[in-house]
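Novice: Okay, so the sequence shown: first residue is 0 according to numbering that gives the first Met the number 0, each after it adds one.
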Amino acid sequence: MKKFNIRKVLDGLTAVSSSSSATAQPGTPRENDVVQETLQSEHFQLCKTVRHGFPYQPSSMAFDPVQKILAIGTQTGALRLFGRAGVECYCQHESGAAVIQLQFLINEGALVSALADDSIHLWNLRQKIPAILHSLKFNRERITYCHLPFQSKWLYIGTERGNIHIVNVESFTLSGYVIMWNKAIELSTKTHPGPVVHISDNPMDEGKLLIGFECGVVVLWDLKSKKADYRYNYDEAIHSVAWHHEGKQFVCSHSDGTLTTWNVRAPAKAAQIITPHGKQPKDGKKPEPCKPILKVEYKTTRAGDPFMVLSGGLSYDTVGRRACLTVMHGKSTAVLEMDYPIVDFLTLCETPYPNDFQEPYAVVVLLEKDLVVIDLGQIGYPIFENPYPLTIHESPVTCCEYFADCPADLIPALYSVGSRQKRQGYSKKEWPVSGGNWGQNTQSYPEIIITGHADGSIKFWDASALMLQVLYKLKTAKVFERARGKEEKPNTDIVDEDPFAIQTLSWCPESRMLCVAGVSAHVIVYRFSKQEITTEVVQLLEVRMQCEFSDVDSPDPGGDQTPTLPTPGASSSPQESEPPTQPSTGSNSSDGPRDNIPCLQVRSSPLKQSPGYQVELVIQLVWVSGEPPQQITSLAINSSYGLVVFGNSNGLAVVDYLQKTLLLNMSLSELYSPSDPYQRQPRSPRKTRQPSGALCDSNDGSNTSEDRCKSPTSDAKDNSFTRSRSSSVTSIDRESREAISSFYFCESFPRKGDSLVSPCLLVGTTQGSVMMVALSLPPGGDQRLQQPVGIASCGTMAQLKGGVLTMALLDAAGTLLPPSYEPWYDPNASDEEKEKSRRRRPASPPSSQEGQDTQFAVLCSEKQAKVVAMPSQTRLYKHNITETSFVLRADVVQMAGTNCITCFCANGHIMTLSLPSLRPLLDVNYLPLTDMRIARTFCFSNLGQALYLTSPTEIQRITYSQETCDNLQEMLSELFTPVETPEAPNRGFFKGLFGGGAQSLDREDLFGETASGKASRSLAQHIPGPGSMEGMKGAASGVVGDLARARIALDERGQKLGELEERTAAMMASAESFSKHAHHMMLKYKDKKWYQL
0 MKKFNIRKVL DGLTAVSSSS SATAQPGTPR ENDVVQETLQ SEHFQLCKTV RHGFPYQPSS
60 MAFDPVQKIL AIGTQTGALR LFGRAGVECY CQHESGAAVI QLQFLINEGA LVSALADDSI
120 HLWNLRQKIP AILHSLKFNR ERITYCHLPF QSKWLYIGTE RGNIHIVNVE SFTLSGYVIM
180 WNKAIELSTK THPGPVVHIS DNPMDEGKLL IGFECGVVVL WDLKSKKADY RYNYDEAIHS
240 VAWHHEGKQF VCSHSDGTLT TWNVRAPAKA AQIITPHGKQ PKDGKKPEPC KPILKVEYKT
300 TRAGDPFMVL SGGLSYDTVG RRACLTVMHG KSTAVLEMDY PIVDFLTLCE TPYPNDFQEP
360 YAVVVLLEKD LVVIDLGQIG YPIFENPYPL TIHESPVTCC EYFADCPADL IPALYSVGSR
420 QKRQGYSKKE WPVSGGNWGQ NTQSYPEIII TGHADGSIKF WDASALMLQV LYKLKTAKVF
480 ERARGKEEKP NTDIVDEDPF AIQTLSWCPE SRMLCVAGVS AHVIVYRFSK QEITTEVVQL
540 LEVRMQCEFS DVDSPDPGGD QTPTLPTPGA SSSPQESEPP TQPSTGSNSS DGPRDNIPCL
600 QVRSSPLKQS PGYQVELVIQ LVWVSGEPPQ QITSLAINSS YGLVVFGNSN GLAVVDYLQK
660 TLLLNMSLSE LYSPSDPYQR QPRSPRKTRQ PSGALCDSND GSNTSEDRCK SPTSDAKDNS
720 FTRSRSSSVT SIDRESREAI SSFYFCESFP RKGDSLVSPC LLVGTTQGSV MMVALSLPPG
780 GDQRLQQPVG IASCGTMAQL KGGVLTMALL DAAGTLLPPS YEPWYDPNAS DEEKEKSRRR
840 RPASPPSSQE GQDTQFAVLC SEKQAKVVAM PSQTRLYKHN ITETSFVLRA DVVQMAGTNC
900 ITCFCANGHI MTLSLPSLRP LLDVNYLPLT DMRIARTFCF SNLGQALYLT SPTEIQRITY
960 SQETCDNLQE MLSELFTPVE TPEAPNRGFF KGLFGGGAQS LDREDLFGET ASGKASRSLA
1020 QHIPGPGSME GMKGAASGVV GDLARARIAL DERGQKLGEL EERTAAMMAS AESFSKHAHH
1080 MMLKYKDKKW YQL
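#1: Look at Tyr-959 and Phe-43 and say whether their C-beta atoms are less than 8 Å apart.
#2: Give the DSSP-derived three-state secondary structure of Ile-184 in the structure shown.
#3: Excluding sequence positions up to five away, which residues of its chain have a Cβ less than 6 Å from the Cβ of Glu-159?
#4: Kindly list the residues whose CB is nearer than 6 Å to the CB of Val-326, restricted to its own chain and excluding five residues on each side of it in sequence; keep chain order.
#5: According to the neighbour-count rule (16 or more other Cβ atoms, all chains shown, within 10 Å of its Cβ), is Thr-259 buried or exposed?
#6: Quick check on Lys-207: buried or exposed, where buried means 16 or more other Cβ atoms within 10 Å of its Cβ?
#7: Nearest CA to the CA of Met-806: which residue from Ser-860, Val-362, Lys-877?
#8: Phe-1006 by DSSP, collapsed to three states: which one?
#9: Who does Met-770 pair with in a DSSP beta bridge?
#10: Which residues does DSSP list as the beta-bridge partners of Met-544?
#11: Grab the span of the alpha helix (DSSP H) containing Glu-962 for me, first residue to last.
#12: To the nearest angstrom, how far is it from the Cα of Cys-902 to the Cα of Glu-615?
#13: What are the uninterrupted segments assigned as beta strand (DSSP E) that are 3 or more residues long and contained completely in the stretch 219-299, given in chain order?
#14: Out of Asn-106, Tyr-380, Val-363, state which residue places its alpha-carbon closest to the alpha-carbon of Val-372.
#15: From Pro-305 to Gly-329, what does the alpha carbon distance come to, in whole angstroms?
#16: Could you say if the stretch 439-454 and the stretch 931-946 meet the contact criterion of at least three C-beta pairs nearer than 8 Å?
#17: Using the beta-carbon count (16 or more within 10 Å), is Glu-746 buried or exposed?
#18: With DSSP as the reference, label Tyr-671 as helix, strand or coil.
#19: When we look at the beta-carbon of Ala-812 and count the other beta-carbons within 10 Å, is it buried (16 or more) or exposed?
#20: Taking contact to mean at least 3 C-beta pairs separated by less than 8 Å, is the stretch 946-963 in contact with the stretch 407-419?
#21: Going by DSSP in three states, Glu-41 sits in which element: helix, strand or coil?
#22: How is the alpha helix (DSSP H) around Gln-785 delimited, first residue to last?
#23: Expressed to the nearest angstrom, what Euclidean distance is found between the alpha-carbon atoms of Pro-406 and Pro-1025?
#24: Could you work out which residue in Pro-915, Asp-825, Tyr-947 is closest to Val-509 when comparing CA atoms only?
#25: Quick one: complete beta strand (DSSP E) runs, 3+ long, within the stretch 141-203?
#26: Opposite Tyr-380 in the DSSP bridges: which residues?
#27: Looking only at its chain, what residues have a beta carbon closer than 8 Å to the beta carbon of Asp-890, apart from the 5 residues adjacent to it on each side?
#28: Given a cut-off of 8 Å, decide if Gly-801 and Lys-862 are closer than it, judged by their beta-carbon atoms.
#29: Does Thr-805 come out as helix, strand or coil in the three-state DSSP assignment?
#30: Quick one, are the C-beta atoms of Pro-605 and Thr-503 less than 8 Å apart?
#31: CB Leu-799 to CB Gly-767, shorter than 8 Å?
#32: Out of Arg-602, Val-518, Gly-611, Gln-629, point me to the one whose CA is closest to Cys-546's CA.
#33: In terms of residues, what are the limits of the beta strand (DSSP E) holding Ser-415?
#34: Taking just the CA atoms, how far does Tyr-820 sit from Ser-505?
#35: Using alpha carbons as the reference points, say which of Val-978, Ala-130, Pro-758, Ser-528 lies closest to Arg-1062.
#36: Counting beta carbon pairs with one atom in the stretch 378-386 and one in the stretch 413-432, are three or more of them shorter than 8 Å?
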C-alpha cells in the first residue's frame, strides 16, 4: 500500500498562520464565546481502502483451482484478485509495465507475475494486502512465456531468443541449467525458430518438456539427458499448445486457423489437421485459411467426449463479426459471440492434477471490458450471473455522488425495486470463483454511491462495508423520444453525442426525491414509489433563459425583427391538454433562427413507470433567437419547500414542482440588485431582447460537469474540452462570463440584522459572490398547492476569491444545520398512508431567535474558505486554501461527531479544515490531477470517506479517517484460506507394476547448484521485495503498528500450526487405516502356500 507523507499541522500554530485570518472584527465573538472544537490532527490519516470495477485494460489472467481465486493483470501493471462476492483485492507493480503472464503457486498462497519490462515477481497472498517477496529482472533477454508445474518450485521462463531459463521460486535465483534454442532445434530448421510461445511438461512424465517456438517447431526435450527426444514441424506459426491428460497426444493452434493434433511418438506428420471455421472445398483441397486461433485448451472427461475450447479462428469473410469463443464437444461445435474482443480464457477443471481426467465445468473468458463465465455443464452453455460490480463502465461515468450514513431503510427499498430489473436465463449453479473470506465489518452505517452515465442512466450502488453491489438502475432517456434513424436526428441538439448524458444530480436521501440535469439543458424531477403507474402525459415545463448583454457589448443588429414573446402560460405552466411537442410559438424553419425549441422532444405516448423512480416533472431550457440554451452548471432540490433550483451562465430559475410552475427566472445582474421590482412575487419569464451572442461553451457527453474541473479565474483554462457553436461570442467573453456554481437551501436570516429565521436559498457564483434569496412559503396542505411561493433577492452576502464550491450553515454550537426535508411517502399510496407519513415530518426550527449572531455561514471557494456570522454578516474567520492552484471539490462533512471542510485541489493535495475556526488539520499531497475524469468524479462523504474514478472502469475509495485506517486490516477481505490439496489420482496396480503411470522427477538433482552450477550473474538481477510487512506499514503506525504486526505474525503462526496439526491428524488416520488393512491381509493369507495365492 502506498504510504503518504502527511503534513499534519499543529493546532497551536494556526493562530499565527499567515494564510489564516481570525482577526477581531465588529461582531466577532469574544474568546469565551468561541465554539469548543473537538477535531484534532490526530483524527485524520489518508489511505486507499478498496478499488471496485472492471480491471482497466486487462492483459492476462490466472486461476487457482484449489483456493478458487482469480487473478487479472493489466497493461498498467495493476493486479486485481477476486474470490467470492465481496472478496476483492488490488495491488500495483511499481514499474507500471504491462503484466504479460500470471502463474499461481497452486494452494500455496502465492502468485508469480511476469511483466513486459522482463521482470518476474513473487507475490505473497497470505496477507490482507499482498506484497512482493522477491523480484528478478532479466537484463539480456526478453521474457515471452512462463510455466510453473503443479507442486514444483522450479519456474521455466522462455525468452524472445528462444532460450529457456529456470528459476527457483523459493529463493528467486536462477539455475545454471539452460535450454539453448540451437540445442533444442539442432538442424531441424535452417533459421532461428523465433521466440518461445509455449512451455509445458508431459502430464505423465515430468522429465519431458514440450517447447513451442513461434515459427511452427515443437520440441519434446528430455531434461535428464539434456537433448531433444522428438521434433514436430508445421508450416504455420504456433500460438498455443495443449496436452491430452494421458501425455500421448497434444494439440497446437496456428496462425492460419488450423488445429494440428500430434501423437508424441510420431513426429513426422500430424495425426489430424482441422480448420474449425474453414469452408471445406468439395475437391479435397486445403480449406481456405482463417484468422489465427490464439489459444486452445484440450480437456478430458471420464464419462464422455473431451472438450476443445478455442478463441479466434474465424474465416476472413466474417468482417465486422464480434469476437467468438468456440466450444467443440464430440460432434457438436458451439460458437459463442462475445460483446468485446477476447483477451484470454481459462477452462476451470475439477482437478489441479494435469495427469488425471480434467472434468471441465466452466470457462472464464476475460474480455477487453467484461468478465464472462460460461457453464459447460448445462445445455446451451448459459453464463453465470456475475456477483462483482464490473458494470460501472457499461456507459461512461459522467458524474458521481457518495452518501455515507444514509437512512437505514433506503438500501432495502432500492434493492426491492432493483431486484425486478435482473436478467433471466443465467446458470442455476453457484459462481465458481468462490475463494477467500470477508473481512470484519467494523463500519455499521449504510453507504450509497450514485453514478450518472453518458447514456442518461443512473445507477444506485450499495457501498457499505467496503463492498459494492448495484441496487437499482434508472434510465432517464425513457422520458424522451428517440431518433430512429440518421435522417430523423433532431437538429436542435447542442451536443453531437450522448444527448441524454447526466451532468449533475441532487438527491435527498430522507425524502428520496431525485433531480437530475442533463447535457441537453434538461432537468428531470423524480419521486420514489413502490407501485407501478402509467403516466398518460409527461408533465413538461419549458424555460427561456438568455444572456443579458449591454448595448455596448452587444449592439442590436437593427432591422424590424421583433422576437416573439411567449405568454407566461406557454412557458410557466405544464402542457397538460396537448402532447408535449414544440410549443406554438416555436419556430424551426430553415429561413429563420430557431426559437423556443427544446433540445430534446419529450415523448407523447403514455409512459409505463415501474416501481422505483418515476417522473414527476420535466424542465427544458429552450433555444433563444437561434442560440442554444446554456448547459446547467448547478442544481438543488428541497422536498420540504417543494422547490427545484438550477442555474447556468445566464442566471437562475426556481421551479415549484408541486404546482408545476416557474417561480423565478432571473439573470445574474438582477440577482446582484436587492431593489428588484418583482420582490416576493412569482416571476414569469422576463421579456426578451435580441442578443447577438448568447452562447457559452457546451460540452460533449464524455466530459460533463467541467465547471467543477476548471477554475473560471484561471487563465490556463483548457478549452479543448468544450465545444461552441457560436462565433459571435469570443473566447475572452466566455472566460469572463459569470455562472451559477452552487446552491444551498437553509433556514436562516435573509437580510442583515434580521431577527427572524425563514426559508432561504444561498446562491454562489463562479466569480466568488454569495447571494441570499428569501423564500416565502404558503401554509401546508391544500393552500401550498394553490397559493404562490414568494421569492425575493436580498443581495450579496459575501465575496470570495474563485468560484464558490460549497456552502453550509452551523448553529451557535457549531452543529451542522442540514436543509429541512419532508419524510418519504409513496405518492401512489392511499391518502391515509400519505397523511401518516407526513405527520412524521420533523418540527421546523423556531421562527424567532433573539440575540445577535446565532448562526455561522460556511463558504468555500476554489481559493479560500470563510465563516460569516449570521445575521450580522460579519466575517469571523478566513483561510486561504491555495495560492498557486485551485480547489476542485469541497464538501462540509460530518467527522468524529462534529463537522469539517474537506478539499481536493488540482495540485493533488487533500486538505481538511476545522469548523468554525478553519484550522488546517490535514494536508496530504495525494494525487496530482492527471485527467479530467478524476476532477469530475472526486467526491467526499461523511465519516471520513471519499472516492473518484481512477480509470474509466474503476472506482477508487479512500479514507481520511485515522480510525478507519487503524481498522483497515480487520475490514479487508482475506484471499488465502487453508484448504487441503486434493489427493493425487490413483495410479492403479498394473500401471504401478509396469511403469505406465506418471513419472516423477527430482528437479532438485537437475536444477540445483550442485548439479547445474551457477547462472551467469549478468543475466538477471535479484531484487528482494518489501515482503509481508508492507501491508501493515500502510495501515498502521507507531505502537499500533507494532501491535498489529505482532498480532498478524501470531495469527499466521497459529494458522501454520493449525495446518500442521490437521496434516498430522490426517497422516495418523491414514497410518491407522493402513495398519488395519495390512493386518486383515495377513490373516487372510497366513496359512496359504505361495502357489495358492
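We treat Cβ as the ideally placed atom computed from N, Cα and C, and that holds for glycine.
Please read these numbers as outputs of a predicted model, since none were measured by experiment.
Specialist: Checking against the coordinates, here is how it stands:
#1: yes
#2: helix
#3: Spatial neighbours of Glu-159 in its own chain (CB-CB distance under 6 Å, excluding positions within 5 residues in sequence) are listed in chain order as Arg-141, Thr-143, Pro-194.
#4: Val-308, Ala-333
#5: Buried.
#6: buried
#7: Ser-860
#8: helix
#9: Val-762, Thr-795
#10: Partner(s): none; Met-544 has no beta bridge.
#11: Note, Glu-962: alpha helix (DSSP H), 961-970.
#12: 34 Å
#13: 226-232, 237-242, 248-253, 258-262, 271-273, 292-298
#14: Val-363
#15: Note on geometry: alpha-carbon atoms of Pro-305 and Gly-329 lie some 7 Å from one another.
#16: yes
#17: Using a 10 angstroms sphere on the CB of Glu-746, the tally of other CB atoms reaches 16 or more, which defines it as buried.
#18: helix
#19: exposed
#20: In short, these stretches do not touch, since the Cβ pair count stays below three.
#21: helix
#22: It spans 781-785 - the alpha helix (DSSP H) in which Gln-785 sits, taken as one unbroken run.
#23: 43 Å
#24: Looking at the sequence itself, residue 509 is Glu, so the reference to Val does not match. Closest option to Glu-509, Cα to Cα, is Asp-825.
#25: 142-146, 153-158, 163-167, 172-178, 195-201
#26: Looking at the DSSP assignment, Tyr-380 forms no beta bridge with any residue, so it has no partner.
#27: Thr-805, Ile-900, Thr-901, Cys-938, Phe-939, Ser-940
#28: yes
#29: strand
#30: no
#31: yes
#32: Looking at the Cα atoms, Gln-629 is the closest of the given residues.
#33: Careful: Ser-415 lies outside any beta strand (DSSP E), inside the alpha helix (DSSP H) at 409-417.
#34: 13 Å
#35: With distances taken between CA atoms, Arg-1062 lies nearest to Val-978 out of Val-978, Ala-130, Pro-758, Ser-528.
#36: yes
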